[in-house]
Structures are given as structure tokens and as C-alpha cells.
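Undergrad:
The structure is reproduced here in C-alpha cells:
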């Protein structure tokens, strides 16, 4: 039985795309910003944010895979992508409402609000064009970490470039979709995070 053997570069690109997927960036940034905000109690708020912005969404995506609604956790087809985005928007908005009701630190609320706004912008663009969510999330996470920890966190953008390469290498996105996703994600997340903090 023949198998689809990918070249080494494509296997590497697939690993990078999977390891550095949006869920992992979201978990990392919520925990790191949480620690900077209020140490362990901030980390606890980060876990709450990650639950609604990453864990619930990926659980929904995996459910859709099991049911055959979409092929993989990166959800490439536009109709399915829009459904997933709508569910994630609802989940993130619910998380924000609960965080506000429970008097979470303003920085943590601002972090999750920035994710909500970025995703809303991506969803609108997705109606017409397949912008890279991987790039927007990774670049946005790095931009907010720079604002939180300082300029040295800009080193994280090296990983953003690697993620962009993987998305183009796998032909999940064009170079322009990756570039625009990077720029938009960084600008929107940084701006909303600053204004909402």
C-alpha cells in the first residue's frame, strides 16, 4: 500500500505548524502576562483566560474533527473556519464576562479583550480572504509580551517568522496571507492591549 511520503522540509514545517499553533501561543502569553501581573494569582487568571481562549476552542475543534466536520485542527476550509471562529468568539466573550464579574486584574482582562478583537477582525477578513490566524496570534502574543516584559521579548518574533515559513511551505497560506496576518495581529493586539490596560 502506497503512502504519502513528504520531503523532510514539509515534515519539519508540519511539526512547526503543530507545535507553534495558536492554542500554544495563547496559553503561553496568558500565563506569562499573568505571572508579570500578579505572580501566582495572575497565573491562575491566566489559566482562566487560556481556558476560554484556547482550551474550549481546541476541544470544539477536536470534536468537529471526530464528527468529520473538518479535516484537521487548522480548519482550512472557509465555511468551517467561520463556524469555528464564531464559537471561539463566543467562548472568549464568555471568559471576559466572567473575568469582569470576578474582578480579575485589568491587565488580564485587557489581554483577553485584545484576543477577542483580533479574532473578530480576522473573522471579518476571512469572509473574503484566508488570512493566517497562526501568524496573527503568534505576532499578537509577541507584541503583548514586548509591552509586558520589555524589548528583549521581541526575540519571539524569530519564532513568528519560522511559523510563517511553515504555513507557506505547507501551502496552507500564501506569503501575502502570512505577512498580512503577522502585521495585523501585532498591531491590533498591541493597540487594544495598551488601550484596554
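In the numbering used here, the protein residues as written are 0 to 196. Where a beta carbon is used, it is the ideal one built from N, C-alpha and C, also for glycine.
1. Helix, strand or coil, according to DSSP, for residue 71 in the structure here?
2. May I have the straight-line CA-CA distance separating residue 70 from residue 95, to the nearest angstrom?
3. If we count Cβ pairs, one from each stretch, closer than 8 Å, do we get three or more for the segment 38-45 versus the segment 115-126?
4. Can you give me the C-alpha to C-alpha distance between residue 158 and residue 99, rounded to a whole angstrom?
5. Can you say whether residue 60 is buried or exposed, counting buried as having 16 or more other CB atoms within 10 angstroms of its CB?
6. Measuring CB to CB, does residue 16 end up less than 8 Å from residue 165?
7. Could you say which of 110, 73, 122 and 93 lies nearest to residue 20 if we only look at CA atoms?
8. Tell me whether residue 184 is buried or exposed, calling it buried when 16 or more other Cβ atoms sit within 10 Å of its Cβ.
9. Output needed for residue 109: all residues of its chain with C-beta closer than 6 Å, excluding positions within five of it in sequence on either side, in chain order.
10. Report the residue from 38, 93 and 180 whose alpha carbon sits nearest the alpha carbon of residue 128.
TA: With the structure as the only source:
1. In the structure shown, the three-state DSSP call for residue 71 is coil.
2. 30 Å
3. no
4. 32 Å
5. Residue 60 is buried by the Cβ-count criterion.
6. Contact: yes.
7. 73
8. buried
9. 192, 195 and 196
10. 180
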